[in-house]
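Peer 1: Residues in the sequence shown are numbered from 1 upward in steps of one, following full-length UniProt numbering. Sharing a structure below in structure tokens format, with a few things to ask.
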Amino acid sequence: MNTYTGGCQCGAIRFRVRGTLKDSSICHCRMCQKAFGAYYAPLVSVRGAEFEWTRGERKRFRSSNLVERGFCADCGSPLTYEAPDGMAIAAGAFDDPSALPPVIQFGTERKIGFVDHLHELPARETEEDVEAAPFVLDIVSYQHPDHDTTTWPEERNP
């Protein structure tokens, strides 16, 4: 049985999923765009799998008469899409989102035209931007690591 873990950016909320996850998708509907603050929402259905929250509790917003969306009240990370047919987790909230590639797109009537051409844009790694933004070399991440921890946050020296 496969086990997947994940959580929000700040680590206040963590989850574990056991089972087969095969329904990864991208939704282009306007509600998902707004909920994720992005051009689309990558989601992974956890229907039929064993799902548990292992740390913290999500806050929810009812985005329609049938759907609630869960998020971290501390850092704002989008976490869930909860509908009558089950729950989906934000793909980026998984510790290894590359293990869950999307297999279908929904809401394509609201798909933004340039999304299909994002791969054609020039691409640079973070450190290639040092001359224009030298502060990138001094960034210290306070983001929760991509694995479970017994306690969080760790002690930080400001």
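Every residue, glycine too, gets a C-beta built ideally from N, C-alpha and C.
What does DSSP give as the partner residue(s) for Thr80 in the beta ladder?
Peer 2: Reading the sequence shown from its first residue, position 80 is the one you call residue 80. Bridge partners of Thr80: Gly70 and Ile89.
Peer 1: Keeping to the same chain, check which residues put their C-beta closer than 7 Å to that of Glu1; ignore five residues upstream and five downstream.
Peer 2: Position 1 of the sequence shown, counted from the first residue, corresponds to residue 1. For the sequence presented, residue 1 should be read as Met rather than Glu. Here the set comprises Arg18 and Gly19.
Peer 1: Rounded to the nearest angstrom, what separates Ala73 and Gly107 at their Cα positions?
Peer 2: Along the sequence shown, read from residue 1 onward, the residue named residue 73 stands at position 73. Along the sequence shown, read from residue 1 onward, the residue named residue 107 stands at position 107. Answer to the nearest angstrom: the Cα atoms are 27 Å apart.
Peer 1: Here's the rule: buried if 16 or more other CB atoms are within 10 angstroms of the residue's CB, otherwise exposed. What is His147?
Peer 2: Taking the first residue of the sequence shown as position 1, residue 147 is located at position 147. Result: exposed.
Peer 1: Report the option in Ala99, Pro153, Phe15 and Arg124 whose CA atom is closest to the CA atom of Pro42.
Peer 2: Locating residue 42 in the sequence shown gives position 42, counting from the first residue. Nearest C-alpha to Pro42: Ala99.
Peer 1: When the Cα atoms are used, what is the spatial distance from Lys59 to Tyr39?
Peer 2: Counting from 1 along the sequence shown, the entry for residue 59 is found at position 59. Counting from 1 along the sequence shown, the entry for residue 39 is found at position 39. If I take the Cα positions, the gap works out to 23 Å.
Peer 1: Is it right to say Leu79 is buried, meaning 16 or more other beta carbons lie within 10 angstroms of its own, or is it exposed?
Peer 2: Taking the sequence shown and counting its residues from 1, one reaches residue 79 at position 79. Buried, by the Cβ-count rule.
Peer 1: Ends of the beta strand (DSSP E) at Gln105?
Peer 2: Start at 1 with the first residue of the sequence shown, and residue 105 comes out as number 105. Unbroken beta strand (DSSP E) run through Gln105: Ile104 to Phe106.
Peer 1: Here's a check: name, in chain order, each residue in its chain whose Cβ is nearer than 8 Å to the Cβ of residue 161, leaving out the five neighbours to either side.
Peer 2: Nothing in the structure corresponds to residue 161, since the chain is present only between 1 and 158.
Peer 1: DSSP beta-bridge partners for Tyr4?
Peer 2: Here residue 4 refers to the residue found at position 4 when the sequence shown is read from its first residue. Bridge partners of Tyr4: Val17.
Peer 1: Does the Cβ of Gly7 have 16 or more other Cβ atoms within 10 Å, making it buried, or fewer, making it exposed?
Peer 2: Mapped onto the sequence shown, residue 7 falls at position 7. Looking at its Cβ environment, which holds 16 or more other Cβ atoms inside 10 Å, Gly7 is buried.
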